Structure formats: C-alpha cells, structure tokens
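**Student:** Protein sequence lines correspond, in order, to chains G and H.
Each residue of the first sequence is one higher than the last, beginning at 1 in the UniProt record's numbering.
Each residue of the second sequence is one higher than the last, beginning at 1 in the UniProt record's numbering.
This is the structure I want to talk about, given as structure tokens.
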Amino acid sequence: MLRWILGGREAQSSVEKSPVLCIGEEQPKNCFTELQVLKGHFDIVRFLVQIDDFRCASAGDDGLVLVWNVETGERLQELRGHSQQITAITTFTCNNEVTSHTSLITASSDRSLSLWDPDTGNRVQTISDLQSSVKCLLVLERLGLWLSGGEDLCVWNKDFQLQCHRQNHSDTGVTALIELPKNCIAAAMDRQIMIYRLSVSTDSSVSLAEIRCLSDHNDQIRALINVTDGLFASGSHAGELILWDAIDWNILAYEHILWEEPQPSTEIRMAAPKPSEMSIQHLSTNGQLILAAVGSGLYVYSVLTKSVMAYRKVAHDSNVLHTMLLSDSELMSCSEDGSVRMWEIQDLPLPAEPASAGFFGMWTFSRSNKQSGPPSKKVLEVPNLRMLELTGDLIGHSGAVQMFVSFREIALVTCSADHLLILWKNGERQSHLRSLALFQKLEERGGL
Amino acid sequence: MIGSPDVVAFTKEEEYGQSYPDPWPLPEEFSVPLHPLADSNPWAKTSYAKFTKDFILISEFSEQVGPQPLLTIPEDPKVCGTFDLNYFSLRIMSVDYQASFVGHPPGSGYPRLSFVEDSRVVLGDSKEGAFAYVHHLTLYDLEARGFVRPFCMAYVAADEKKIMLQFQELSLRFSQASECLKAGNRRAFAKELQRKLRDLEYTHSVLQREEGLQREAGPQRMYSAHAVEKANELANVEKSIYEHRDLLKQISSYHRRPRRDPHAVACQKCMSECLSECEVLLDKYAKLSSPFSYSEKGSRGPEGQVDDQRGEEEPEEDEEEGVKRRPSYTPQLIKAKSAKCFDKRLKTLQELCDETFYEATMELLKETEKSFRGDWCYLHTRRLDKALRRKQKVANFLFEEDLGDDDEDEMGTLRPFCAVNHAIDNFVLLNPPPIVLGPEPLELDSLEPPDPASETSHTQESELGVGESHLESSPSDQTLETQESSEETKGSVSSDKSGLDQAENLQSLASTKSEAPDPYSDLTPDPDQNTDMERESSSDDMETTAGEDEDNGGDQTPVSLLEVVSELEASREDEYEGVNGSALLVPIDTACCMAQEGFLYEAPEVVPGLSQGSPPQPCQTLVVNQEPQALLPLQDDYTVGSPCSESPAAGLELPVGLLGDAVSRASLEDGSDCTMSASTGSDRAASPLGYGGMVTLRQRKKAGQGALRFVRQYPFAMQALWCLLSGRTLVVLGADEGRVRRLVAALALFVPAPGKCGERVQAWLSCPFTLTDLQRWKLIGLQRVASPVGSSMLYSLSRYSRYISILDVDQKTLRCPPYRDQLLANIADHRTYIRRGSTFFLHVQSTLCHLTAKAFLFTFTHHLHLPVSFAEGPEVVEARRRCFLHEQLGLGEEDSQILLYLSQLITQRYLQPDTGSSAAAPCFSFNYTTSVLYKI
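Written out as structure tokens, the structure is:
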C-alpha cells in the first residue's frame, strides 16, 4: 500500500502491517463513522468508568479525573485533587428510598483515597497518608461497604471510616478483588487467590477472616473476574486460565493457553526468536463466554463446554490491553498498537488461521515469558472450533489504547496513552439527531 | 374600432401585468432592484473631462496667492491630464464658506481661535466636465491670518451621479481623513505655541533685564524715549504671552467642545492624550506666569526682586525643558515686528500636521481613492451583491466570502479612525446610519431592511433610517434646515437636529466634562494691562486674531449641499495591512514556477477560540493592543467569493468592522480591475495588500489560474476536487515547498467552509500529523522528506490513510476513493476551453453556488430527514432522501456525498449556539471506503 508513496525506494516491511489483519478500508460492518476527540488530560489516560447512561469519567497518570457527556462530547467536570497518578477508580452508588446517587471513588499513588460527586465536582471525602498506595477497589453496595486493596486490605464504610484492616504477607499486595457469594471476597495476590469472609456483627463492626488460600497458579495472577454467581475465573502471566467454583472454591476447569511455537523462517528477524507471549492481560465475560486477551491474541473460552471456542493468536500488532464481549458473537479489543478492533465469531471451516510466523515474531515486543523450559506443544484441536473474523477497526489514537467503554448505540469511548479520549459514534444516527435538532431550532426561531 | 388589434393589444398588455402576477415571486429581500440608472443610456453621456480617472485633490486658499492646488491622489500627473488644477482649485476654494471673524470678539480681550466645523459640498463645473465632492476644513497655523488656514479636499470625478449617490460614503471617508488631519494639526499647533511661548518668556526676561539696567543707569523719574520704547515693547511681549497662553488654553479645550458634525468622531484615547499634553503645557506656563503677573500688579519698584525670581525660575525651567524636550533648543529673542505678511513663508500642509497623523491621513485618502474606483454601476452592483448575500446567512459560509457576522454588533458602534492605532477600546455606541442613497430612497430601502434577527435590537435605527431617507429625498430642504440649525447654534451648545441629538449626547458623555464654550474669563487680565492692550500689539501675528465660534455651513454653497444626516462608523485601519502583510509574506521562488502567483501565504496556526463558531467579539478583544495584525485579519482569510462578490465596503455604509473592512478593502482593491481599464492596474502592481492576513479576490483569481492549470494538467483532478467537496481531507505531498503551496492555494478554492481564518487549510506542514490535525484541516500541504522524520510521517500517512486522500505532486498520483459521477465533470474538465484563471474562477464559483443552493434546500426540507407520519420508519425517510438526491437532484452516489457533506456543514453551523462556541469538540465524519490509485 505504501509502495507508491515511498516511490519504491524503501523497504516497506517495517511499516506494513500483517496482511492477515489488514482489513482494508472497506468496512461495511463498522458503524462508527464519526468521531470526536476529547482533550483534557495531559498524561496517559488509563481508566474509564461509566457513571450513568450518558456520563463517563476518565482518569490517568496526570491525577485528573474528568467527567464527560458522551452524547455531546462536553467536559462536564474536572475533578482535581490528586497529586499523582490515579491507580484505581470505581463508582459507588448510594441507593436511597427514592433516588440513587452515584459517586466516584479514586485511589492515587499519592496514597490517598477520595470520594467525588460527579454532579458538582466536589471532593466529598478524602483520606490521605495511607501506608501504601491502593491498587484496586471493590464496592459492596449491598453492605454499604467498600474495600481497598494494596499492600493492606482495608474495609471502609460509606462515610470513609475504616472498618477493618488486614496486613498482607505477600510482597506484591492485592492486585485484584472480586466479590463472591456469602459475603466472601477473593483477592489476587501474586500467585495466590485468598478467600476472605466478611462478617458484620450486630454492633455493625466488621471483621475480615481469611478462609482459604488457592495457590494453583504457577505464575502471577493478572486477571480475576466473576463469570456467574457460581463461577469466577482467573488468568495468570503464564497463560493459565482457571475456572473456579465460587462456593467451595474448587477448580472447575484448567486451561493452559499455549500458542504453538512459531516456525523459524528465512526472514531476518529483528531479535532472537522469543517464546510466544502467553500472559493473560485481561479477562472479560458475558456469563457464557470468557474472552481472554493473551499476549497480542484473543482467546474465547466457552463456559458451557469448558473448551476453546475460537481464538486468534495474532489479533493485534501488540499486546491486547482490554477486551469486551458485545454479544454472543461480537467482541472488541484494544491494544498497545493504538487500534481498537471489532471481531465476529463466525462458523468457518478449519484451519482457523494461516499463521504468519515471521510477523508474529517481529511484532511481539512484550517481555519474555518467565516460564523456563520449552513449552510443550499443545495444539488446540477442538472439533467445534470457530473463527474470529475481523469486522472493523478503529484507528485514531497514536498511542496504546488503554481501555474502552461502550455506551451501546450512543458511543464508544476509548482512552489512550496519547492523552486523548475518542468518542466513536454512528454517523448516521448522529446525522439524524442533528436533523432533529435543526428542525427543532427552526421551529423555535419560527423560520430561518 | 373596439376590435382594433392595436387597442386590444395595448390594453391586454396592461392587464396581463396585473391579473397574472408571477406565481413564484422572489421574496422581496432577495429580489434585485433594477439599477437606478437603468433607464438612462450609459453611453449617451460622454464625458468631456480632461482627466482619465477620478482623483482626490487637496487645495489651499493661501492668504498670499489665493487658491492653489497642493497635491493629488494618486500623485501620477497623468491622472489629471490636461485638466487645469489651478482653475479648478479656484472654483472649489472660491467659496469663502467660513466668514471668519477677524479681530477680537466683543467681551473678550484675546484673540479667539475659531472652531470651524467642516463643510461638505458638491460642486460641479459642467464646462470642464468635472464634478467634485468638496470637503472644506481649516487648520491652525500660528503665523496665519486669524490663525487659520483654509484647505479643502476634493474628490473629483467626471460623473456627477457617482458623486451624488456616493455622497454619504464620501462624506464619511473624508470626514475621517479630515479629523485625522486636524488632530495632527492640533498637536503641531500646540507644539508651536509652546515654542513660541518659550521664546516670548525669554524675550520678556531679556527685556526686563535691559529695562532694569536702564533704569538704574538713567536718572530717576526721567524717561528717555528709548526707555519708553522698551517699556512698550515689554508690555507688548507680556500681552503676547497672555494671548499665546490663552491660545494654548483654547486649543486644549478643543476636545470638550460639543461637535455639531456627526462625522467628526475622533479617537478618544488620542484626544485624551492630546488633552493631557496640552494641560501639562498649560500648567507649566501658568506657573511660570504667576510671578510675572504678580509683578504687573505691583509698582515698578520691586522689579529687581522680580528679576531675581525670574532668574531663579528660568534655569529651573530650562532644566525641565532640557530633560523633557529637545535639549538643543535655545529660546530666541522675538523681534518686535515680525516680517511682513507676504515675506514670510507659510508652512506647508505637511509641516502643519504631526507626521504620524499626516501619513495616516494620506493613507486614508489613498484608500478612499481606491475604494471609489470603478464607475457607479460597478459600485452599485457590488453593493447590491453584498446586501443580497447578507440575507443568505445560513449557507454563505460554505464558499462565499465572509461578510462578517459582526455586522449586527458593529451596527451600533461608531469607531473613530485613529492614526496611531489606538484600537478597539474607544467605541462610542451610536445609532447606525440610515441608508440614504440620493434619488432612490425607496428602492434602496427595500434593499436594506433590517435583518429579521437584528430587528428587535435595531428597530429604532430602522425607523430613523426611513425618516431620514425621506428627508434626504429632497436635498434642498435639507440645506435649509442646515442653515437654520447653524444659525440656531451660533451661540448655544446644543443643536436640535433630530438626527444628531444622540450623537451629541453621546459625544458629550464621552468627553469627560462638557464645558461652556467660553471658559476664558478666568484669565481676564488686570486693568493695567488693558491699557497696554490698547496699543498696537507687538508682533504681527498677533494682529490678526481670529473669529467667532461659528460656522455658517451652507450659506454660500453654490451647487448643492447635502448636509450629512447620518452618523457613521467606520474605521479604516490602514496601518494593519502593511504590518500583517509583511509578517507573513512568503515569496515564492521564482525559479521553479511560472510566476503565476505573486505570493503565497502561510495560513498561520489558528487560535482555537477563533475557529469558525466563535463570535466576533473575542476577536475584537484580541485586537486591543497595538498589534491587532497578528490574529485578526485572518478572520476573513481565504474565503472564496462568489462571482459577483467583489463585495463589500463601499456598500451602503454598513458599518464594516475591522474584519469586514479588511475584506472590503482587499476586495475593493481587486474589484477595481474588473471594471476599470488596464491602465489602472499599473500603480497597484506591487500591492502588498494583506498577504497572510487574508486572501484577496485577486489572489483568489490567481488561485483560479492555479486551479485551472491543475484541472488541465491532471486527469484525476475531478477526483481530487470531489475529495475536497465531500469533506475528505486531501494531503498534497511533495518535496518542493513552492509547488505544494501553489497547489494548496489553488485547491483551497474548493474547500467548503474554509473558515473565517482559513483554518481548514494548512499550506505547508513538515511534521507528522495526528488525528486532530485531520479533523482541523481539510487540505494539507505536506513535505516529503527522506529522513527518520519522513518515515514517521509516512507512517502517519499510512495509518490514517482511511481518512485522507493523498495527492503526490512529485509522482503525479492521487490515492482516493473512486469517483465516477458527472457533477464535477463540469468544472474539472481537463479539455476545458476556459483559458483564463479569472474566468475559471467565476465558472467554479457559479457551480459551487448551485451546489450550495441544493445543499440548503436539502438541509431544510423537513420530510427528507424526519418522518411525516408516525407510521413511517427510518427506512422510508431514508428512501425518500435517496430518491430526492438521485432523482430530483439527479445526483449519483458520490455526488450525493458532496451534498450530504455540505448539508452536514450547514446543519452544524446552524446548530451552533448563538453565543460562544460550544464546549464540545467538533465532530469528524468519515466513511469506510476503499481507495484507488490514480496515475497520470
């Protein structure tokens, strides 16, 4: 494609993308034909949180939290207060009898926690001088409590009063928290998953008891999610995907994702051949399917059949950072390569993927696998394997796309290391809305 | 008989007209009124004028030699040809319209400066075939008779109609020039007075000393003839000092005078500066003179003491002077008798006026001359065009030159011209001028009804306008009234001419305190001095003291005097074009091009706040400091005018703001070569107008030439134009800057809604671009570099390739989605027979104009966008829309995209909040289609 630009004088290979993944410019299934660039951050934007149907909050390394109107692209609030990067953000909804009000809880590297009102932009509560910075937050709306995880695990009530505190024995601290049935909490710490039980006594004092330690992972746990009420899943750096029973914490399924080793090719490599990237960066689920971002590939696991449903080893040019299942057959992923891709799970005959080993080796820049020893070759030969077909991609960011949030038909919001947020919208819908507004204004004015 | 065909035919014709009115009449505001002179044959009237084109003449009524021409604008002697300037000066200056009062007015011991308002007359010399708008004014000169020097500025034309119909505008322009000149003159006068006072003080001290010596030497109580003479001389000098001090006081009180002349609005800042300057002087001399007058009261005894005081005072004064002003200046003795009237050399006009102001005035007059080039038909057409386009605000922004939305805001403001560029903060809010256009008030009124939008805010003004125009329709009435009013106002402060009231009120409001016109009583001299005053004054220049505060405006005007009714704004900020032009001037390398385009401009980075949505106000505020140039003129940059859009300015004196002005000037400048013969072009060959700031029509025509060459040269020009028109960013990639810039300049004609500042066009970019750049710019000139930077640029090109089309200048290729429709074949036909750039430009403009009209129709047709009934789903609407586009408008799929894009722009523009730009980021629409590569 670039040959003509370069005038045939330069080699194109360094710029050109993998032919497999280049969908081209004709994307009939891609409905995002309008975009709005939202500026405001001045460092990497890492987090996006949906506040309600039309608002979302973004936070990043500049310590700013910005509240946006997704419909119009207006910046509604600017929440300033943190002096260092935001490490975790979550919404906290208080349900009164009549109304429910959503607040934002943020944690920052400046070792403080804050509660914000996104309507007014006020900092309602703040706690500073924590012993360590908080890496993850979990809100238990049912109990009116929330937990912060880092080197310590703390339980707070909605008035920001510390209810319970638990020192950790692990170096890495809590990296992920999920809520389990029966007032239980699962916390990912390095290679282990700790199960805690939260007990609220009659005088409303809260205590946290360690119940179980699950140490079946061989490497650091990267992702921990709830799948259904009775299931949760965890993924490790070594590519192990484990499905757990949420009640008795037994392993229901163990999947070790190992892409086959790329075949040595005659091409000149940029670096020595590396073991393929198998780290599970992100997990998402819709209850039936678990979508795992493994290195720069995508991996769809069916909970029902407990088997691989579809996969694509090289879904992006670089590590996949965030994924989402839009429906049973549509999914979306974003990556360090700055693109968002939309996929469809299609019934297609095997072989699923013509592997282009050369490019794969070239575009994998992530750190090498920790696992020592040659990985055993495991061929994913499953009878009802389906195919992940690229249906569209969104190109706009010039840095890694950290995360995205879908507001369904309104817009898709992406945030990136290039300090920008982009609102991707359906051009036709927007055009229709504008026409509506136009005739409304025309009517108000009573003519041109 | 009744059946006679002749009769039937005759009556039928009449009836047809009445019984079958046009079923689709244009709304009145869109109809083009017939040319007022349509009935008269323009060729019937041959001019006997001996000059080739209109010019401005400045003449003086010299007290030594009588009326004499001083200079013409343009200065080219060819302009006047064999026309006798001397004779004509005599004609126009033979009106002693001032009737200056010579001598001391009763009740005041001092000579009075006459504050004469300017007068405006139209004079004609049908024998010579010359007609002139004549603007009389007086300047102050300490050495002149009555301290005044009468001058006049005349706009001389062969066509009387032109002058009569342009009277308002001419009057406005010349008033500005006159005010500017007079402001400069007052400064110069004050300086001269100061110098004179210093000389007088010095002379006085010397005389005193001499007298003292004499008295000591001579015997007591004995007065030699010599001594008496000395004493007289001393007394004369003292009187002279008083008089001069009083003059200084008068000149400094000038600004407080209520002005009867509505056009006479000067920059407040200049005024207050000048005022304070004068006050400082006044203070100084008042202080100096206090011991002096004290000495007069006392007997001659304590003279020595006084001398001592003087001795103390003077060095101090000298010191002060030395620090403050020219240290080299040494006071001179003033002789008792100065030279005879005819011996002395009178100051030239240039010497009479402060240099800055003089230059500014000349610029202003040159500008005026330029703006009135072309015949009346041309000026009229331009005005009509502007008025019409003002009506169509909704879609004008797409391809038309911007008229400035600020019109409404500007309407009410009266901005004085200021020579030293005291910019915006000295607005005076006034009613806008009623539109008065000589003989056809009604027609023109219909041309200029207040905009619906502005109606509420300007009802008053429109009423006023109507009223005035009725008045104006009979100029003789007007003259009468003027006379009356000038008589009325002889001694009183206020005049009650209806149209002027407001102006005056505001004027007096604006000036800090309004004083009575005769504030001199506080300085009445002592009785002693009055006796001295009886004697002949010591110096000649004191003898002829000047007139009453009076002007009898039209008393003796011979031909016709239209008194100015309307108050007008308009500041012709001439200065800025020069500055801004030079700042951004980018000369092309002549080696590589065919010298088609003179200069290419660099579209500067656009301040986000200035982007198209923002209202004019912020721009205005940006201008406040001395350099409005940097940001401001871009407002009108790169707009594309319609064929007849030579446009504005001279128009209906619709107050054109800073920005509007810029355009108008630019376009006026250019417009002239549409109608004027080639001979006029020569003196403007190297016009440095507004490069970088705005793109003139002239430049746009050059761009038309470039576009024509592009179209003829590249078979895929049509595809490139389609990309631009359908909103897909076109990147012009090339290694040679000049070439890329030229091409960008040419293609910019086709960028819809290029923005007031041309912010949608980036002529030359040498770094990788980002998505936001694509969103901002619709046409980018990109440098091809073979370096690491180049590769990252190529990376961005390939990365964003879905959003852009790439025109490679070096390889002559175009990569863009395919276009196969017919709409653009009309303008992008590489076998076109059009050979001239300006013709092609007009051709393009008319096509784009059609497109705009279609887009407008499409945008505002309800059923094409919204369901008519509840039962209808979106598919029905969609189908209807497609049907409309394809069948009714006959557009193909790709042509429809152009229309959809234009419609989207119109919609977005329409939805923009009226106040301020929305906080939301702009949208960027695109679609996913494959591109193909076109080669030559």
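Glycine included, C-beta positions come from ideal geometry on N, C-alpha and C.
A quick note: this is a predicted structure, and the numbers were derived from the prediction, not measured.
Is residue 621 of chain H helix, strand or coil when you go by DSSP?
**Tutor:** Looking up residue 621 of chain H in the second sequence gives position 621. At residue 621 of chain H the pLDDT is 36, less than 50, meaning the model places this residue with poor confidence and gives no usable figure here.
**Student:** Taking the alpha carbon of residue 788 of chain H as the reference point, which residue from H:803, H:768, H:804, H:799 has its own alpha carbon closest?
**Tutor:** Taking the first residue of the second sequence as 1, we reach residue 788 of chain H at position 788. Considering only alpha carbons, the answer is H:768.
**Student:** Look at the alpha carbon of residue 418 of chain G and the alpha carbon of residue 398 of chain G, and state the distance between them as a whole number of angstroms.
**Tutor:** Stepping through the first sequence from its first residue, residue 418 of chain G is reached at position 418. Stepping through the first sequence from its first residue, residue 398 of chain G is reached at position 398. Using only the alpha carbons, I get a separation of about 6 angstroms.
**Student:** What number of angstroms, rounded off, separates the C-alpha of residue 523 of chain H from the C-alpha of residue 280 of chain H?
**Tutor:** Position 523 of the second sequence, counted from the start, is the residue given in the question as residue 523 of chain H. Position 280 of the second sequence, counted from the start, is the residue given in the question as residue 280 of chain H. Below a pLDDT of 50, predicted positions are generally treated as unreliable, and residue 523 of chain H, at 38, falls in that range; the measurement from the model is reported next regardless. The alpha-carbon atoms of residue 523 of chain H and residue 280 of chain H are separated by roughly 17 angstroms.
**Student:** Who are the neighbours of residue 37 of chain G on chain H, taking C-beta pairs under 7 angstroms?
**Tutor:** Along the first sequence, read from residue 1 onward, the residue named residue 37 of chain G stands at position 37. Result: 771, 772, 775, 921.
**Student:** May I ask you to report which of helix, strand or coil DSSP gives residue 431 of chain H?
**Tutor:** In the second sequence, counting from the first residue as 1, residue 431 of chain H sits at position 431. Note that residue 431 of chain H scores 38 on pLDDT, short of 50, meaning its location in the model is unreliable; the coordinates nonetheless yield the value given after this. DSSP places residue 431 of chain H in coil when its eight states are reduced to three.
**Student:** Taking beta-carbon pairs under 8 angstroms, can you tell me which members of the region 28-55 of chain G lie near chain H?
**Tutor:** Hits within the stretch, in order: 28, 30, 33, 34, 35, 36, 37, 38, 39.
**Student:** Given a cut-off of 9 angstroms on the beta-carbon distance, is the pair residue 193 of chain G and residue 214 of chain G in contact?
**Tutor:** Looking up residue 193 of chain G in the first sequence gives position 193. Looking up residue 214 of chain G in the first sequence gives position 214. A contact, by the Cβ cut-off of 9 angstroms.
**Student:** Among H:894, H:393, H:87, which one has its Cα closest to the Cα of residue 825 of chain H?
**Tutor:** Position 825 of the second sequence, counted from the first residue, corresponds to residue 825 of chain H. Considering only alpha carbons, the answer is H:894.
**Student:** Any Cβ of chain H within less than 9 angstroms of the Cβ of residue 395 of chain G?
**Tutor:** Along the first sequence, one-based indexing puts residue 395 of chain G at 395. It does; some Cβ of chain H falls within 9 angstroms.
**Student:** Just mark residue 698 of chain H as buried or exposed, buried being the case when its beta carbon has 16 or more other beta carbons within 10 Å.
**Tutor:** Against the second sequence, residue 698 of chain H aligns to sequence position 698. Residue 698 of chain H comes out buried.
**Student:** May I have a chain-ordered list of the beta strand (DSSP E) segments no shorter than 3 residues that lie completely inside the region 145-217 of chain G?
**Tutor:** Those beta strand (DSSP E) runs which fall completely within the region 145-217 of chain G and span 3+ residues are 145-150, 152-157, 162-167, 174-180, 184-189, 192-200, 206-214.
**Student:** Since residue 337 of chain G and residue 316 of chain G should fall inside the 8 angstroms C-beta cutoff, what is the C-beta to C-beta distance between them, to a whole number of angstroms?
**Tutor:** The residue given as residue 337 of chain G occupies position 337 in the first sequence. The residue given as residue 316 of chain G occupies position 316 in the first sequence. About 5 angstroms; that satisfies the 8 angstroms criterion.
**Student:** Looking at the secondary structure, which residues open and close the alpha helix (DSSP H) in which residue 135 of chain G lies?
**Tutor:** As a working mapping, residue 135 of chain G is identified with position 135 in the first sequence. Not the alpha helix (DSSP H): residue 135 of chain G falls in the beta strand (DSSP E), residues 134-140.
**Student:** Between residue 200 of chain G and residue 287 of chain G, which are expected to be in contact by the criterion C-beta below 8 angstroms, what is the C-beta distance as a whole number of angstroms?
**Tutor:** Residue mapping note: residue 200 of chain G aligns to position 200 of the first sequence, counting from 1. Residue mapping note: residue 287 of chain G aligns to position 287 of the first sequence, counting from 1. Not quite, the Cβ-Cβ distance comes to about 29 angstroms (not below 8 angstroms), so this is no contact.
**Student:** Is it the case that the CB of residue 286 of chain G approaches a heavy atom of the ligand SAM more closely than 8 angstroms?
**Tutor:** Inclusion of the ligand SAM in the displayed structure is not the case, the ligand content being empty and no account of it being possible.
**Student:** If the criterion is Cβ atoms closer than 9 angstroms, does the pair residue 109 of chain G and residue 92 of chain G meet it?
**Tutor:** Here residue 109 of chain G refers to the residue found at position 109 when the first sequence is read from its first residue. Here residue 92 of chain G refers to the residue found at position 92 when the first sequence is read from its first residue. Not closer than 9 angstroms, so no.
**Student:** Can you name the residues that DSSP bridges to residue 124 of chain H?
**Tutor:** Here residue 124 of chain H corresponds to residue number 124 of the second sequence, with the count starting at 1. Its beta-bridge partners are H:131.
**Student:** Since residue 58 of chain H sits in a beta bridge, which residues does DSSP pair it with?
**Tutor:** Position 58 of the second sequence, counted from the first residue, corresponds to residue 58 of chain H. For residue 58 of chain H, which the question treats as bridged, DSSP gives the partners H:71, H:153.
**Student:** Using a Cβ-Cβ distance cut-off of 9 angstroms, determine whether residue 796 of chain H contacts chain G.
**Tutor:** Mapped onto the second sequence, residue 796 of chain H falls at position 796. It does: the Cβ of residue 796 of chain H has a partner Cβ on chain G nearer than 9 angstroms.
**Student:** Can you have a look at residue 94 of chain G and say buried or exposed, based on whether 16 or more other CB atoms are within 10 angstroms of its CB?
**Tutor:** What you label residue 94 of chain G is simply residue 94 of the first sequence in a count that begins at 1. Looking at its Cβ environment, which holds fewer than 16 other Cβ atoms inside 10 Å, residue 94 of chain G is exposed.
**Student:** Give me the subset of the region 922-934 of chain H whose CB atoms are less than 8 angstroms from a CB atom of chain G, sorted by chain position.
**Tutor:** Answer set for the region 922-934 of chain H: 922, 923, 924, 925, 926, 927, 928, 929, 930, 931, 933.
**Student:** Just to check my reading of the structure: residue 153 of chain G and residue 147 of chain G have Cβ atoms closer than 8 angstroms, yes? What is that Cβ distance to the nearest angstrom?
**Tutor:** Locating residue 153 of chain G in the first sequence gives position 153, where the first residue counts as 1. Locating residue 147 of chain G in the first sequence gives position 147, where the first residue counts as 1. The Cβ separation is near 7 angstroms, so the contact holds.
**Student:** Would the region 23-41 of chain G count as touching the region 65-75 of chain G if we require 3 or more Cβ pairs under 8 angstroms?
**Tutor:** Result yes; three or more Cβ-Cβ pairs closer than 8 angstroms.
**Student:** Thinking C-beta only, is residue 747 of chain H closer than 9 angstroms to residue 786 of chain H?
**Tutor:** Locating residue 786 of chain H in the second sequence gives position 786, where the first residue counts as 1. Locating residue 747 of chain H in the second sequence gives position 747, where the first residue counts as 1. No. Outside cutoff.
**Student:** Is there a Cβ from chain G that is less than 9 angstroms from the Cβ of residue 380 of chain H?
**Tutor:** Here residue 380 of chain H corresponds to residue number 380 of the second sequence, with the count starting at 1. For residue 380 of chain H, the answer is no, since every Cβ of chain G falls outside 9 angstroms of its Cβ.
**Student:** Between the region 388-406 of chain G and the region 328-347 of chain G, do at least 3 Cβ pairs fall closer than 8 angstroms?
**Tutor:** Flag = yes, the region 388-406 of chain G and the region 328-347 of chain G touch.
**Student:** Helix, strand or coil: how does DSSP classify residue 381 of chain H here?
**Tutor:** The residue you call residue 381 of chain H lines up with position 381 of the second sequence. DSSP places residue 381 of chain H in helix when its eight states are reduced to three.
**Student:** Taking residue 845 of chain H as the query, report the chain G residues whose CB atoms sit under 8 angstroms from its CB, ordered along the chain.
**Tutor:** In the second sequence, the residue the question calls residue 845 of chain H occupies position 845. Near residue 845 of chain H there are no residues of chain G at all, since even the closest Cβ is about 23 angstroms away, more than 8 angstroms.
**Student:** Out of curiosity, what's the CA-to-CA distance linking residue 229 of chain G and residue 244 of chain G?
**Tutor:** By 1-based counting over the first sequence, the position of residue 229 of chain G is 229. By 1-based counting over the first sequence, the position of residue 244 of chain G is 244. Rounded to the nearest angstrom, the two C-alpha atoms are 11 angstroms apart.
**Student:** Under the three-state reduction of DSSP, which class applies to residue 751 of chain H: helix, strand or coil?
**Tutor:** Position 751 of the second sequence holds residue 751 of chain H. Coil at residue 751 of chain H, not helix or strand.
**Student:** Would you kindly check if the distance between the Cβ of residue 834 of chain H and the Cβ of residue 722 of chain H is under 9 angstroms?
**Tutor:** In the second sequence, counting from the first residue as 1, residue 722 of chain H sits at position 722. In the second sequence, counting from the first residue as 1, residue 834 of chain H sits at position 834. No.
**Student:** Given this structure, state the Cα-to-Cα distance separating residue 234 of chain G from residue 778 of chain H, to the nearest angstrom.
**Tutor:** Indexing the first sequence from 1 puts residue 234 of chain G at position 234. Indexing the second sequence from 1 puts residue 778 of chain H at position 778. Taking the straight line from one Cα to the other gives about 48 angstroms.
**Student:** When the Cα atoms are used, what is the spatial distance from residue 852 of chain H to residue 752 of chain H?
**Tutor:** Taking the first residue of the second sequence as position 1, residue 852 of chain H is located at position 852. Taking the first residue of the second sequence as position 1, residue 752 of chain H is located at position 752. Distance between the alpha carbons of residue 852 of chain H and residue 752 of chain H is about 10 angstroms.
**Student:** Use the C-beta contact count for residue 704 of chain H: other C-beta atoms within 10 angstroms, 16 or more gives buried, fewer gives exposed.
**Tutor:** Within the second sequence, residue 704 of chain H is the residue found at index 704, counting from 1. Residue 704 of chain H comes out buried.
**Student:** I'd like to know whether the C-beta of residue 448 of chain G is nearer than 9 angstroms to at least one C-beta of chain H.
**Tutor:** Within the first sequence, the letter at position 448 stands for residue 448 of chain G. Yes, residue 448 of chain G counts as interfacial toward chain H.
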